[in-house]
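Visitor:
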Amino acid sequence: DSGVTQTPKHLITATGQRVTLRCSPRSGDLSVYWYQQSLDQGLQFLIQYYNGEERAKGNILERFSAQQFPDLHSELNLSSLELGDSALYFCASSPQGDYGYTFGSGTRLTVV
Amino acid sequence: GESVGLHLPTLSVQEGDNSIINCAYSNSASDYFIWYKQESGKGPQFIIDIRSNMDKRQGQRVTVLLNKTVKHLSLQIAATQPGDSAVYFCAENYRGAQKLVFGQGTRLTINP
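Residue numbers (the working numbering), protein chains in the order written: chain C, 457 to 568; chain A, 10 to 121.
Quick look at the structure:
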């Protein structure tokens with residue numbers, strides 16, 4: 457157990473729908489990152505939050521959004537889902553946002 | 010642009026041999042590098058990291074070498090075991106970017 461908790465582990469939904477993925481960072485970590493990993497691909501950075509504020513954006517689609525709450529957990533919202541959004545979505549956390557990244561076990565999203 | 014690449018997509022080694030996984034990075038401002046191991050269906054697992062003020066760091070059965078002159082990173086695994094079978098990713102981080110940039114990954118397979 458890495459200390460980073462992601463729920464749900466698996467999610468199957470239809471095209472056009474909206475889903476919310478949840479991440480609880482490791483205790484004491486202020487920064488949360490979201491990554492997308494398509495089949496046999498590397499990890500693509502989506503977005504980072506630090507202590508409730510957005511810090512950096514990567515290749516995140518406009519249909520996707522995220523937020524970090526006062527208790528530091530984060531949610532990634534994916535809307536108007538397309539088949540191509542099927543992927544593993546990972547959350548990582550770090551103490552201050554520069555070192556010591558720890559990843560969760562991911563949410564596998566399947567869009568049918 | 011962002012580019013952390015791996016020289017080989019797959020690597021097969023005999024059990025008990027040493028494995029060397031290579032990685033090239035393009036951002037000379039990168040100051041922190043990490044190797045992750047990812048087993049099927051799991052999140053990336055931290056193996057070892059190195060800061061740019063070092064050129065070598067050793068862990069348990071693993072060694073990371075950093076050559077800043079040619080912007081090259083390598084992971085050496087001693088006495089490779091079946092449990093080492095996984096995809097290995099290198100990642101770089103540079104101050105101000107607030108994100109890890111990952112390479113595509115190298116799949117390491119162990120032959121008995």
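Don't be surprised by glycine CBs; every beta carbon is placed ideally from N, CA and C. Predicted model only: the values in this text are computed from it and were never measured.
Please check if any C-beta of chain C sits within less than 8 Å of the C-beta of Tyr-97/A.
Guide: It does not; no Cβ of chain C falls within 8 Å.
Visitor: Our contact map puts Ile-30/A next to Thr-89/A with C-beta atoms below 8 Å; I'd like the distance itself, whole angstroms only.
Guide: Ile-30/A to Thr-89/A, Cβ: 11 Å. No contact.
Visitor: Can you name the residues of chain C whose CB is closer than 9 Å to the CB of Gly-92/A?
Guide: Within chain C, no residue comes near Gly-92/A; the closest Cβ sits about 18 Å away, beyond 9 Å.
Visitor: Can a CB atom of chain A be found closer than 8 Å to the CB of Phe-520/C?
Guide: Not one chain A Cβ lies under 8 Å of Phe-520/C.
Visitor: Using a Cβ-Cβ distance under 8 Å, would Leu-499/C count as near chain A?
Guide: Yes - at least one Cβ of chain A is within 8 Å of the one on Leu-499/C.
Visitor: Run through the DSSP bridge pairs and tell me what Arg-478/C is partnered with.
Guide: Arg-478/C is bridged to Thr-463/C, Glu-531/C.
Visitor: Answer yes or no: do Thr-471/C and Leu-537/C have a C-beta to C-beta separation smaller than 8 Å?
Guide: Contact: yes.
Visitor: Measure from the alpha carbon of Pro-481/C to the alpha carbon of each residue in Glu-509/C, Thr-566/C, Gly-459/C, then state which is nearest.
Guide: Nearest of Glu-509/C, Thr-566/C, Gly-459/C to Pro-481/C, Cα basis: Gly-459/C.
Visitor: Mind checking the segment 54 to 84 of chain A against chain C and listing, in chain order, the residues whose C-beta falls within less than 8 Å of any C-beta there?
Guide: Per Cβ criterion, the list reads Gln-54, Phe-55, Asp-58.
Visitor: Would Asn-533/C and Phe-520/C be called neighbours here (beta carbons separated by less than 8 Å)?
Guide: Yes, the Cβ-Cβ distance between Asn-533/C and Phe-520/C is below 8 Å.
Visitor: Leaving out five residues before and five after Pro-121/A in sequence, what residues of the same chain have Cβ atoms less than 7 Å from its Cβ?
Guide: Cβ neighbours of Pro-121/A beyond the five flanking positions: Glu-24.
Visitor: Using a Cβ-Cβ cut-off of 8 Å, state whether Lys-46/A counts as contacting chain C.
Guide: Not closer than 8 Å to any Cβ of chain C, the Cβ of Lys-46/A fails to qualify, so no.
Visitor: Roughly how many angstroms lie between the CA atoms of Gly-540/C and Lys-51/A, to the nearest whole one?
Guide: Whole-angstrom Cα-Cα distance: 21 Å.
Visitor: For Ile-30/A, would you say it is in contact with chain C, using Cβ-to-Cβ distances shorter than 8 Å as the test?
Guide: Not closer than 8 Å to any Cβ of chain C, the Cβ of Ile-30/A fails to qualify, so no.
Visitor: If you scan the segment 80 to 112 of chain A from start to end, which runs of the beta strand (DSSP E) of 3 or more residues do you find wholly inside it?
Guide: Listed in chain order, they are 81 to 86, 95 to 102, 109 to 111.
Visitor: Helix, strand or coil for Leu-502/C? Go by DSSP, reduced to three states.
Guide: Note: Leu-502/C maps to strand in three-state DSSP.
Visitor: Is there a C-beta anywhere in chain C that falls below 8 Å from the one on Val-22/A?
Guide: Cβ-Cβ to chain C under 8 Å: no for Val-22/A.
Visitor: Gln-54/A and Thr-72/A: beta carbons closer than 8 Å?
Guide: No, Cβ-Cβ distance for Gln-54/A and Thr-72/A is not below 8 Å.
Visitor: Starting from the beta carbon of Phe-111/A, find every residue of chain E whose beta carbon is closer than 7 Å, and list them in chain order.
Guide: Of the protein chains in this structure, namely C and A, none is chain E.
Visitor: Can you list the residues of chain C that Gly-25/A reaches, using a CB-CB cut of under 7 Å?
Guide: Per Cβ cutoff of 7 Å: no residues; Gly-25/A is ~28 Å from chain C at best.
Visitor: For chain C, check one thing: does any of its Cβ atoms lie closer than 8 Å to the Cβ of Tyr-41/A?
Guide: Yes, Tyr-41/A lies at the interface with chain C (some Cβ there is under 8 Å from its Cβ).
Visitor: Can you confirm whether Ser-458/C, when its beta carbon is compared against all beta carbons of chain A, has any partner nearer than 8 Å?
Guide: Yes, its Cβ sits closer than 8 Å to a Cβ of chain A.
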